[in-house]
Amino acid sequence: IRYELSPGLVSIVLGLQPIMTILFGGDKASPYKLLILLIGFSGLGLAIFGAKDVSQVTPLGVSFAILSVMAISIGSLFQKTIPMTPLESGMLQNGCASIVFVATSLIIGWHVNWSPNFVFSLSWMIVVVSTGAVLLLFYMIQRNSASKVSVLFYLVPILTMFSDFIIFDTEITTTTIMGALIVIASIKLFSLPSRRTSEKMLS
């Protein structure tokens, strides 16, 4: 976003994560499952285009977005193989991140304009996102396949749009609603067991 890439386009690039997770060898998926992922991705694009949030494109911004989705996909696969509890993984990740950010801040410096809004935002990022959401993600990866967890990332921009509508009364277009319904249906279909899996469970 700092390099002039609109949040909508960032969401579209990050929507590639479920597909990349499978391509990087996370799980074997049938052509039917891959088709569902592609349909969900098209629904995500439709919803974001409906929100008219694809106005800015820069090569550097797209490059960073692609690197980030590759890092998330590979990280999800590694997380699945690590014999650690979600709490242990979270503590290790935050500890390593703290070392990196402290070292960076000593080099480039930092300045904060303290305000009630900033304190609330900071608290939300620390407690809800960096702690709660990350632990929940690790727990889901531990209990489910990496691809089933990554497909839930399709919901992030959708929920953000509807939160904007509830909190800030932002207009939601019919196109966005149609795209959101496609995403929700795709996630539901992808989560259903395949016919072969169902037969094994019954036998």
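Going letter by letter, the sequence shown gives residues 1 to 203 in full-length UniProt numbering.
Built from N, CA and C at the ideal position, the CB exists for glycine as well.
Report the start-end ranges of each alpha helix (DSSP H) in the UniProt domain "EamA" (60-191) that is 4 residues or longer and not cut off at the edges. 86-108, 116-124, 134-143, 146-150, 155-168 and 174-191
Of the residues F64, L23 and I82, which one's Cα is nearest the Cα of L9? F64
Rounded Cβ spacing between L14 and V69 (contact assumed at less than 8 Å): 5 Å
Can you tell me whether I158 is buried or exposed? The criterion is at least 16 other CB atoms within 10 Å of its CB, across all chains shown. buried
Going by Cα to Cα distance, which pick from G50, L16 and L37 is closest to T174? G50
For the alpha helix (DSSP H) containing S30, list its first residue and its last residue. Note, S30: premise wrong, no alpha helix (DSSP H); not H, not E.
Proximal residues to I66 (C-beta, below 7 Å), its chain only, five neighbours per side dropped: V13
Is the region 166-186 close to the region 39-50, with three or more CB pairs under 8 Å? yes
In chain order, what residues of the same chain lie with their CB nearer than 6 Å to the CB of residue 204, ignoring the 5 residues before and after it? An answer regarding residue 204 cannot be provided, because it is not within the stretch 1 to 203 covered by the chain.
Using three-state DSSP, classify G15 as helix, strand or coil. coil
Given L189, which residues of its chain have a CB within under 8 Å of its CB, disregarding the five upstream and five downstream residues? I36
Anyone know if the C-beta pair for L152 and I187 falls short of 9 Å? yes
For a test of the three-state rule: what should DSSP assign to T21, helix, strand or coil? helix
Euclidean distance between Cα positions of residue 216 and S130: Any question about residue 216 goes unanswered here, given that the chain covers just 1 to 203.
So, at 7 Å on beta carbons, what are the nonlocal neighbours of M20 in its own chain, with the 5 sequence-adjacent residues on each side left out? V69, M70 and S73
Rounded separation between G61 and E88 - CA only: 33 Å
Given this structure, state the Cα-to-Cα distance separating L106 from A97, to the nearest angstrom. 14 Å
Own chain, CB closer than 6 Å to I39, minus 5 neighbours either side, in chain order: S186
Beta-carbon contacts of G45 that lie in its chain and below 6 Å, excluding the five residues immediately before and after: I12
Neighbourhood of F41 by C-beta distance below 6 Å, restricted to the same chain and skipping five residues each side: G15
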